[in-house]
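Reviewing the structure listed below.
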Amino acid sequence: MSDFLDDDRTPILLHPARRIELLGRGRQLFNDEKFFEAHESWEDLWHVESGRDRVFVQGLIQVAAHFVHVRKGNWSGAKSVAQLAYEKLAVPPAHRLYRELDISPLFSALHYNLELLREWKPDAPPPPPDAFVVPKLFEK
8 MSDFLDDDRT
18 PILLHPARRI
28 ELLGRGRQLF
38 NDEKFFEAHE
48 SWEDLWHVES
58 GRDRVFVQGL
68 IQVAAHFVHV
78 RKGNWSGAKS
88 VAQLAYEKLA
98 VPPAHRLYRE
108 LDISPLFSAL
118 HYNLELLREW
128 KPDAPPPPPD
138 AFVVPKLFEK
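Position 132, counted from 1, in the sequence shown is what the working numbering calls 139; the numbers after and before it change by one each time, with no gaps.
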């Protein structure tokens, strides 16, 4: 008699276990401040999602991209992608997996960072990278 999982014909990228793996790997990379790598992990997940969940995952990708831009000193890129992420993460996800991710630290950090970037004038010295709030992601 075969194992139940051996009979599972769900395509590997669509399989719930694979989604959990990609989300968790991205979360760990993000918490380790490996923002580009988190972006890549979540992008793999984004490719298989649809609807509100796709929008939500794209918001996570954009948060990671925001911090890549901050690290590179690309202030206009950091500002524009943070605004996009803020808007996308406001759309509630459909899948329970994403609803279990506590994104309130992301909203707080994005709000603070956006205000910092809005106050900055291109003819002024840029804000130091450590002036930006870098949140951690946890499950609820």
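Every residue gets a Cβ at the ideal spot worked out from N, C-alpha and C, and that includes glycine. This one's a predicted model, so the numbers in the text were calculated from it and none came from an experiment.
{"Item": "What first and last residue would you give for the alpha helix (DSSP H) that runs through Lys-95?", "Value": "82 to 96"}
{"Item": "Could you have a look at Thr-17 and say whether DSSP puts it in helix, strand or coil?", "Value": "Note that Thr-17 has pLDDT 47, beneath the 50 cutoff, so the model's placement of it is unreliable and no number is given."}
{"Item": "From the DSSP secondary-structure annotation, give me the bridge partner or partners of Phe-145.", "Value": "Asp-109"}
{"Item": "Please state whether DSSP places Ser-115 in a helix, a strand or coil.", "Value": "helix"}
{"Item": "Quick one: using the 10 Å Cβ neighbour count with 16 as the cut-off for buried, is Asp-10 buried or exposed?", "Value": "Below a pLDDT of 50, predicted positions are generally treated as unreliable, and Asp-10, at 46, falls in that range; the measurement from the model is reported next regardless. Exposed."}
{"Item": "One question on the structure: do Gln-65 and Trp-53 come within less than 8 Å of each other, judged by their Cβ atoms?", "Value": "yes"}
{"Item": "In three-state DSSP terms, what is Ala-131?", "Value": "coil"}
{"Item": "Roughly how many whole angstroms lie between the Cα atoms of His-76 and Leu-144?", "Value": "19 Å"}
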